[in-house]
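Comments concern the structure below.
Number of protein chains: 2
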Amino acid sequence: MSARYIGLLHPGTMGISIAATAQRGGHHLQWASAGRSSATRARAQQFDLVDAGTVAGLCARCDLILSVCPPHAAEAVANEVAAHAFRGLYVDANAIAPQRAVRIGAALAQAGAEFVDGGIIGGPAWEPGRTWLYLSGPRAAEVAACFAAGPLETRVLAGEAGQASALKMCYAAYSKGTTALLAGILAAAEQYGARTALEQEWDQDDPGFSARAAQRARRSTAKAWRFAGEMDEIAATFRAAGLPGEFHAAAAEVYRRLAVFKDAAEAPSLEVVLAALRARP
Amino acid sequence: MSARYIGLLHPGTMGISIAATAQRGGHHLQWASAGRSSATRARAQQFDLVDAGTVAGLCARCDLILSVCPPHAAEAVANEVAAHAFRGLYVDANAIAPQRAVRIGAALAQAGAEFVDGGIIGGPAWEPGRTWLYLSGPRAAEVAACFAAGPLETRVLAGEAGQASALKMCYAAYSKGTTALLAGILAAAEQYGARTALEQEWDQDDPGFSARAAQRARRSTAKAWRFAGEMDEIAATFRAAGLPGEFHAAAAEVYRRLAVFKDAAEAPSLEVVLAALRARP
Numbered sequence: 001m002s003a004r005y006i007g008l009l010h011p012g013t014m015g016i017s018i019a020a021t022a023q024r025g026g027h028h029l030q031w032a033s034a035g036r037s038s039a040t041r042a043r044a045q046q047f048d049l050v051d052a053g054t055v056a057g058l059c060a061r062c063d064l065i066l067s068v069c070p071p072h073a074a075e076a077v078a079n080e081v082a083a084h085a086f087r088g089l090y091v092d093a094n095a096i097a098p099q100r101a102v103r104i105g106a107a108l109a110q111a112g113a114e115f116v117d118g119g120i121i122g123g124p125a126w127e128p129g130r131t132w133l134y135l136s137g138p139r140a141a142e143v144a145a146c147f148a149a150g151p152l153e154t155r156v157l158a159g160e161a162g163q164a165s166a167l168k169m170c171y172a173a174y175s176k177g178t179t180a181l182l183a184g185i186l187a188a189a190e191q192y193g194a195r196t197a198l199e200q201e202w203d204q205d206d207p208g209f210s211a212r213a214a215q216r217a218r219r220s221t222a223k224a225w226r227f228a229g230e231m232d233e234i235a236a237t238f239r240a241a242g243l244p245g246e247f248h249a250a251a252a253e254v255y256r257r258l259a260v261f262k263d264a265a266e267a268p269s270l271e272v273v274l275a276a277l278r279a280r281p
Numbered sequence: 282m283s284a285r286y287i288g289l290l291h292p293g294t295m296g297i298s299i300a301a302t303a304q305r306g307g308h309h310l311q312w313a314s315a316g317r318s319s320a321t322r323a324r325a326q327q328f329d330l331v332d333a334g335t336v337a338g339l340c341a342r343c344d345l346i347l348s349v350c351p352p353h354a355a356e357a358v359a360n361e362v363a364a365h366a367f368r369g370l371y372v373d374a375n376a377i378a379p380q381r382a383v384r385i386g387a388a389l390a391q392a393g394a395e396f397v398d399g400g401i402i403g404g405p406a407w408e409p410g411r412t413w414l415y416l417s418g419p420r421a422a423e424v425a426a427c428f429a430a431g432p433l434e435t436r437v438l439a440g441e442a443g444q445a446s447a448l449k450m451c452y453a454a455y456s457k458g459t460t461a462l463l464a465g466i467l468a469a470a471e472q473y474g475a476r477t478a479l480e481q482e483w484d485q486d487d488p489g490f491s492a493r494a495a496q497r498a499r500r501s502t503a504k505a506w507r508f509a510g511e512m513d514e515i516a517a518t519f520r521a522a523g524l525p526g527e528f529h530a531a532a533a534e535v536y537r538r539l540a541v542f543k544d545a546a547e548a549p550s551l552e553v554v555l556a557a558l559r560a561r562p
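Chains as they are written, first to last, in our numbering: chain A, 1 to 281; chain B, 282 to 562.
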């Protein structure tokens, strides 16, 4: 397989790990520095990504563009690429509703590009067997081949574009949904003066449960600002399937209240997390 | 401690097990047959509960009345007792919001009764160490003493009436809330054709997870008709604490769709459960 010119939007902590896997396969990675933060620039420079300057530059120079960004930004990023009449292969790897993935694919098709739908399960891909990029759509296998060198793992799903996003939504519905639920329950218990009794009951059923619940709530705070948008996407996914979206509307609200911890130097104590949740918006 | 005359409203599968524990302690158990089902009558007869005929009869003959009924019926049951000017001790052991427990207590106090708030965690109490009756309110210890013979376990919480209900709400918020969430996720995955891939991903993280999730969804169907009301109570509990009630509004909707299985001879297959969830109301 020949080396490809791959544009990454954007080199965040997840995106840069995916870029690193593609580089190990001999591909050329580019990014677009316009409007990005100094942290993003530092990551791109550390991994020798070539700076195409703008999204327009990236569209001109690359035959594959990979979008790895917060869910709430996914459609705007895709629309900007479509506006530059990109005619290569566009991969959206974001945590978005399958309906949105299909809509993005249609916008890109109209601009002359082809589309592959993706969904990432796991954290940044620095070790084998830990992070999976699911892919769906006619050219999914071709995209998977770009990452064959690992450590990112790929799986191609049968069926149309939207399948990878649906899987990602359903998976995160439980993992991030239950973290938000636990945080909400702990805050409610605190409000009623019942937290200690609840933790005892939990630990009686499953030793260590309450400590793990507290850790999950605390650790979610750093990423809560983007989990909120992901929960909105899951709510939309459920509703489009005729199922109640309120589980994740509530989870989105929990993460919105925790978004204040975005730039915190370290994870706040559980007491501080619960105080933030109990402060009505 | 002298033998008490305890009235049970009503001898369901949970209530009869609690009555049996009180009988082992030498207490006299009564019930009120008016309007109850033949299954309830059979349970009451099997355990030699004396039939006081009506709630009025029970109020006249008993010094302690214990309410163990579906959450949606709890306040009506209490109000009927209050209407008969019961002047003994009333224990509400139902899965209701603490605000509702406090309101029930106030209605009974106005009628001349005293109130203890309860919450049951676990299934019917036929073995030690499996089922806990939490109690709160000034006379909670006196109620706990009625059950000292076991196998029902009791715990008295410090603080006012409402504490036991708050604990029960927070506990069920996770246990029954996540069962409903799992059922909803499986139905969404089925709708998008992503269920097999989701189950593989779950089992890769935690072997056997998808089988356990399916079992939880299937087994919840028999009790879904009363879980719906319990989820409504948890939603109210969250909202009164300034936290999002939507997690359990969604769980209530899931259980409402599963309420069709109330009288099923056996647990439906997962496919049948998911079809019921996907049938829009």
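All C-beta atoms, glycine included, are put in the ideal place defined by N, C-alpha and C.
Below-8 angstroms beta-carbon distance, residue i vs any chain B residue
i               : result
R139 of chain A : no
T285 of chain A : No information on residue 285 of chain A is available, as it lies outside the stretch 1 to 281 that chain A covers here.
E253 of chain A : yes
Y90 of chain A  : no
Y174 of chain A : yes
T237 of chain A : yes
Chain-ordered neighbours of residue i on chain A, where CB pairs are closer than 7 angstroms
i               : result
Y452 of chain B : L198, E201
A475 of chain B : Q163, A166, L167, C170
7 angstroms Cβ cut-off: residues of chain B touching residue i
i               : result
L243 of chain A : G465, A468, A469, L558
P98 of chain A  : Y473
Local Cβ density within 10 Å of residue i, reported as buried at 16 or more and exposed below that
i               : result
S446 of chain B : buried
T221 of chain A : buried
P488 of chain B : exposed
Q163 of chain A : buried
K168 of chain A : buried
A498 of chain B : buried
K543 of chain B : exposed
A364 of chain B : exposed
S210 of chain A : buried
G26 of chain A  : exposed
E547 of chain B : exposed
R257 of chain A : buried
R419 of chain B : Per the sequence presented here, residue 419 of chain B reads as Pro, with Arg not at that position. By the 10 Å Cβ count, P419 of chain B comes out exposed.
E285 of chain B : In the sequence under discussion, the amino acid at residue 285 of chain B is Arg, which differs from the Glu named in the question. Result: buried.
G296 of chain B : buried
P549 of chain B : buried
P409 of chain B : exposed
D48 of chain A  : exposed
D205 of chain A : exposed
L526 of chain B : A small fix is needed here, since residue 526 of chain B is Gly in this sequence, not Leu. When all chains shown are included, G526 of chain B counts as buried.
Q262 of chain B : Since the first and last residues shown for chain B are 282 and 562, residue 262 of chain B lies out of range.
Under 8 angstroms from the C-beta of residue i: neighbouring residues of chain A
i               : result
E527 of chain B : E246, F247, A249, A250, E253
L462 of chain B : A173, Y174, G177, T178, L181, F247
Residue i and residue j closer than 8 angstroms at C-beta
i               : j               : result
A366 of chain B : A453 of chain B : no
A52 of chain A  : V68 of chain A  : no
F528 of chain B : A250 of chain A : yes
C343 of chain B : Q311 of chain B : yes
L438 of chain B : A197 of chain A : yes
A78 of chain A  : T54 of chain A  : no
P124 of chain A : T21 of chain A  : no
A392 of chain B : A517 of chain B : no
G474 of chain B : G88 of chain A  : no
V535 of chain B : G465 of chain B : yes
V50 of chain A  : V91 of chain A  : no
L433 of chain B : I299 of chain B : yes
G177 of chain A : L347 of chain B : no
P71 of chain A  : G242 of chain A : no
V102 of chain A : A161 of chain A : yes
G122 of chain A : R130 of chain A : yes
heavy atom of the ligand ADP below 7 angstroms from residue i C-beta
i              : result
G57 of chain A : For the structure depicted, the ligand ADP is absent and the ligand set is empty, with no information on it obtainable.
Proximity test, Cβ basis, 8 angstroms: residue i and chain E
i              : result
A76 of chain A : In the structure shown, chain E cannot be found, because the protein chains are A and B.
query: According to a CB-to-CB cut-off of less than 9 angstroms, which residues of the region 415 to 439 of chain B neighbour chain A?
result: From the region 415 to 439 of chain B, only Y415, R436, L438, A439 have a Cβ closer than 9 angstroms to chain A.
message: Any C-beta of chain A within less than 7 angstroms: which residues of the region 389 to 413 of chain B qualify?
response: In summary, the residues of the region 389 to 413 of chain B whose CB is separated from some CB of chain A by less than 7 angstroms are I402, in the order they occur in the chain.
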